[in-house]
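The structure appears right after this line, and notes come after that.
In the numbering used here, the protein residues as written are 235 to 830.
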């Protein structure tokens, strides 16, 4: 920021109302201007401001479209900042006019945004008396200008605010709702949109009733993330993967070396890779599962990949060990990436983090880790809490907590939290360690989850097939449905019944464990469902897998993960006694109480 911009930003932070939102130097899209400030007040309107540090003795002349200045290198013609702000506001108005929910439906203002939008200039080094003693007011209307003495630290807050609100051509008589605020942000800043799997509406096509964007906390977080090591602790459904994807896109604009995104789940990595390719970032952003990245490192640097056997876990563990050994003897170079972003960090082992940290180039030292201890399912009761500094992640003072779950309805989240029980009891920790965070709901409601007991696994599969056919007939795409299974034999039974019932199904399995994009029901393991979401999720044989006492907590975590994959509807079935019968009965009682 220039000195004037910094002072003006401080005044806005000190003196504007708390429900006012301000963006600094944020582009409105490719090949479009970046105004100095955009100020948005739900009860006032939308305002574009340009700030200039010009002194009066450096201004030779001012015209409607340009200003002649004296600079260190001679005279220079620059755009008139007021005209710049006006043109930017016209561009913003055109974007908003395409939305029927944001414009006047009739009358003389039909088709124009129904809330005020204005523009102005801040002359940070010129007083009001100096301004009025010249011919500047003939070109810059006084009510569209804020001067140096009107933005001092001791300026009256009410007078400061009134200077801004006087820039609006009309007064607002109502207040924008939260959905309307989200729609305004959706139109102005395409990069914060949460794209549906169906993609962005085509030009001229009707807009949906709900437009998804990052919330203000998420947007502020991703716009303000700097270099260095950072950790974000977020509950299930808090938008961690969205934030990570946005951050990768931001870094791709400035980084010289590749950017690496690592996931635990191969299916999630494949979906994120599709998103990056759709944004034209292939070659700049590499998205892989951690184990897939290890195999690629071995192949790239001529290190023998271990022979594949029936035990895939042992195969991948050996791949990791060979990469670690290769780095240790300098056969694999360090510092390969300008930035590394880790999703599902709660499933990464300490030795993996020690390896990853070495792959970030020291010039940027940019590492971002997404973490949710409640979704970890590796190690049972004896799993020690991770100390980030012990694995080389120096993020003290650079950690953030996201508590709001946006993915699930109140009904789904309530049932999942009741099942998880004490596992989600808030447990603060030192900043260097992972806290346990209890989710809070965003308040979205939907149908009650279903829990049904049936005579056999075969009958469970038949019941679920019927439910999926009903969902398809009501208009839900097959690709918006998923079935999460705890074991291969359960998945095999479901797969056979679904195919016999004519349901297109895609089963996760084998070394790749990824899906291609096609309109089919995803048959996926609970571990493989991490990071994914679907409008309709079914969980057969709920909690029936035998567990030993040391692994029971892992089973609870996995079922919590599976339940929180559903964004709209959750269907659970069981037919055998469950080792987790206590939690299962609790879920049943809660559902009965919610139905009553």
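Using N, Cα and C, we set each Cβ at its ideal position, and we do this for glycine too.
This structure is a prediction, so every number in the text was calculated from the model and none was measured.
| So is residue 279 buried or exposed if we call it buried at 16+ other beta carbons inside 10 Å? | Mapped onto the chain shown, residue 279 falls at position 45. Counting other Cβ atoms within 10 Å of its Cβ, residue 279 reaches 16 or more and is therefore classed as buried.
| request: Check the C-beta distance from residue 753 over to residue 713 and give it rounded, since I have them as a contact under 8 Å. | output: Residue numbering aside, residue 753 sits at position 519 when the chain shown is read from its first letter. Residue numbering aside, residue 713 sits at position 479 when the chain shown is read from its first letter. Correct: roughly 5 Å between the Cβ atoms.
| Mind checking if residue 809 is an interface residue toward chain B, Cβ cutoff 9 Å exclusive? | In summary, chain B is missing from the structure at hand, where a single protein chain is found.
| Spatial neighbours of residue 521 in its chain, beta-carbon cut-off 6 Å, leaving aside the 5 residues before and after | On the chain shown, residue 521 is found 287 positions in, with the first residue counted as 1. Only 495, 503, 506, 507, 510 meet the Cβ criterion.
| query | First and last residue of the alpha helix (DSSP H) that includes residue 322? | reply | For this step, residue 322 is matched to residue 88 along the chain shown. Bounds of the alpha helix (DSSP H) holding residue 322 are 315–330.
| Per-residue burial, residue 764 [other beta carbons within 10 Å of its own, 16 or more giving buried] | Your numbering for residue 764 matches position 530 in the chain shown. Its Cβ being crowded by 16 or more others within 10 Å, residue 764 is buried.
| request: Assign residue 471 to one of three DSSP states: helix, strand, or coil. | output: The residue given as residue 471 occupies position 237 in the chain shown. Three-state DSSP puts residue 471 in coil, outside helix and strand.
| task | Can you tell me which of the three DSSP states residue 822 falls into? | result | As a working note, residue 822 is residue 588 in the chain shown. In the three-state reduction of the DSSP assignment, residue 822 falls in the helix class, which pools H, G and I.
| query | Could you give the C-beta distance for residue 327 and residue 287, rounded to a whole number, given that I count them as a contact under 8 Å? | reply | Taking the chain shown and counting its residues from 1, the one referred to as residue 327 is at position 93. Taking the chain shown and counting its residues from 1, the one referred to as residue 287 is at position 53. Cβ-Cβ separation between residue 327 and residue 287: approximately 28 Å, too far for a contact (criterion under 8 Å).
| request: Give me whichever residues DSSP pairs with residue 636 in a beta bridge. | output: As a working mapping, residue 636 is identified with position 402 in the chain shown. DSSP lists 468 as partners of residue 636.
| Which word fits residue 347, buried or exposed, when buried means at least 16 other C-beta atoms lie within 10 angstroms of its C-beta? | As a first step, residue 347 is located in the chain shown; it is residue number 113 there, counting from the start. It counts as buried.
| query | Got a sec, what are the start and stop residues for the beta strand (DSSP E) residue 769 sits in? | reply | Position 535 of the chain shown, counting from 1, holds the residue named residue 769. Taken as a continuous stretch (DSSP letters only), the beta strand (DSSP E) holding residue 769 covers 768–773.
| Do you know how far the Cα of residue 498 is from the Cα of residue 822? | Position 588 of the chain shown, counting from 1, holds the residue named residue 822. Position 264 of the chain shown, counting from 1, holds the residue named residue 498. Just so you know, the alpha carbons of residue 822 and residue 498 end up roughly 32 Å apart.
| DSSP three-state assignment for residue 279, whether helix, strand or coil | As a position in the chain shown, residue 279 is number 45, starting the count at 1. The answer is strand: DSSP assigns residue 279 an E or B state.
| query | If you count every other CB in all the chains shown that lies within 10 Å of the CB of residue 319, and 16 or more means buried, which is it? | reply | Counting from 1 along the chain shown, the entry for residue 319 is found at position 85. So residue 319 ends up on the buried side.
| query | Sorted by chain position, which residues of the same chain lie with C-beta nearer than 7 Å to residue 247's C-beta, five sequence neighbours on each side aside? | reply | Here residue 247 refers to the residue found at position 13 when the chain shown is read from its first residue. Taking residue 247 as the centre and dropping the five residues before and after it, the same chain places no C-beta closer than 7 Å to its C-beta.
| In terms of alpha-carbon separation, which member of 639, 604, 608 lies closest to residue 632? | Counted from its first residue, the chain shown places residue 632 at position 398. Comparing Cα positions, the closest option is 604.
| task | Take residue 457 as the anchor and find which of 481, 464, 723, 543 has the nearest alpha-carbon. | result | Here the question's residue 457 lines up with position 223 in the chain shown. Checking every option, the nearest Cα to that of residue 457 belongs to 481.
| query | Which term fits residue 323, buried or exposed, when burial requires 16 or more other beta carbons within 10 angstroms of its beta carbon? | reply | Your numbering for residue 323 matches position 89 in the chain shown. That one is buried.
| query | If you draw a straight line from the alpha carbon of residue 787 to that of residue 658, how long is it in whole angstroms? | reply | Translated into positions along the chain shown, residue 787 becomes position 553. Translated into positions along the chain shown, residue 658 becomes position 424. Cα to Cα, residue 787 sits roughly 12 Å from residue 658.
| request: Since I believe residue 630 is in contact with residue 581 (beta carbons under 8 Å), could you give me their beta-carbon distance rounded to a whole number of angstroms? | output: Here the question's residue 581 lines up with position 347 in the chain shown. Here the question's residue 630 lines up with position 396 in the chain shown. In fact, because the Cβ distance is near 23 Å, the residues do not count as touching under 8 Å.
| field | Buried versus exposed call for residue 546 [16 or more other C-beta atoms within 10 Å across all chains shown] | value | On the chain shown, residue 546 is found 312 positions in, with the first residue counted as 1. Burial call: exposed.
| said: So the candidates are 709, 249, 704, 544; which of them puts its Cα closest to the Cα of residue 385? | reply: Residue 385 sits at position 151 when you count from the first residue of the chain shown. When the alpha-carbon of residue 385 is set against those of 709, 249, 704, 544, the nearest one is in 249.
| Contact belief for residue 647 with residue 675 at Cβ below 8 Å, rounded distance in angstroms | By 1-based counting over the chain shown, the position of residue 647 is 413. By 1-based counting over the chain shown, the position of residue 675 is 441. Residue 647 to residue 675, Cβ: 5 Å. Contact.
| message | Short of 8 Å in beta carbon distance, which residues of its chain neighbour residue 295, apart from the five on each side in sequence? Order them along the chain. | response | The sequence position of residue 295 within the chain shown is 61, counting from 1. Annotation for residue 295: 301, 302 place their beta carbon closer than 8 Å to its own, counting only its chain and skipping 5 residues before and after.
| With 16 other Cβ atoms within 10 Å as the buried cut-off, status of residue 791 | The residue labelled residue 791 in the question sits at position 557 within the chain shown. Only buried fits residue 791, as 16 or more other CB atoms lie within 10 angstroms of its CB.
| task | Pick helix, strand or coil for residue 876, following the three-state DSSP scheme. | result | As displayed, the chain neither begins before 235 nor continues past 830, which places residue 876 out of reach and without an answer.
| query | Considering residue 454, what are the terminal residues of the alpha helix (DSSP H) in which it resides? | reply | By 1-based counting over the chain shown, the position of residue 454 is 220. Run containing residue 454: 450–458, per the alpha helix (DSSP H) assignment.
| task | My understanding is that residue 638 touches residue 678, with C-beta atoms under 8 Å, so please give their C-beta distance in whole angstroms. | result | By one-based count along the chain shown, residue 638 stands at place 404. By one-based count along the chain shown, residue 678 stands at place 444. Rounded, the Cβ-Cβ distance is 11 Å, inconsistent with contact.
| request: Enumerate in chain order the residues of its own chain whose CB-to-CB distance from residue 455 is below 7 Å, with the five nearest sequence positions on each side excluded. | output: Here residue 455 is taken as the residue at index 221 of the chain shown, counted from 1. Once the five neighbours on either side are set aside, the close Cβ partners of residue 455 are 477, 634.
| Among 829, 776, 830, 801, which has the Cα closest to the Cα of residue 817? | Along the chain shown, read from residue 1 onward, the residue named residue 817 stands at position 583. Between residue 817 and the set 829, 776, 830, 801, the nearest pair of CA atoms involves 776.
| request: Mind checking who residue 351 pairs with in its DSSP beta bridge? | output: Position 117 of the chain shown, counted from the start, is the residue given in the question as residue 351. Answer is 280, bridged to residue 351.
| Are the Cβ atoms of residue 452 and residue 636 separated by less than 9 Å? | One-based indexing of the chain shown puts residue 452 at position 218. One-based indexing of the chain shown puts residue 636 at position 402. Taking 9 Å as the Cβ cut-off, residue 452 and residue 636 qualify as a contacting pair.
| query | Using the beta-carbon count (16 or more within 10 Å), is residue 827 buried or exposed? | reply | In the chain shown, counting from the first residue as 1, residue 827 sits at position 593. Exposed: under 16 other Cβ atoms inside 10 Å.
| message | Given this structure, state the Cα-to-Cα distance separating residue 410 from residue 579, to the nearest angstrom. | response | Counted from its first residue, the chain shown places residue 410 at position 176. Counted from its first residue, the chain shown places residue 579 at position 345. Answer to the nearest angstrom: the Cα atoms are 38 Å apart.
| task | Under 6 Å Cβ to Cβ from residue 738, same chain only, skipping five residues before and after it: list those, please. | result | Within the chain shown, the letter at position 504 stands for residue 738. Closer than 6 Å at Cβ, skipping near neighbours: 712, 754.
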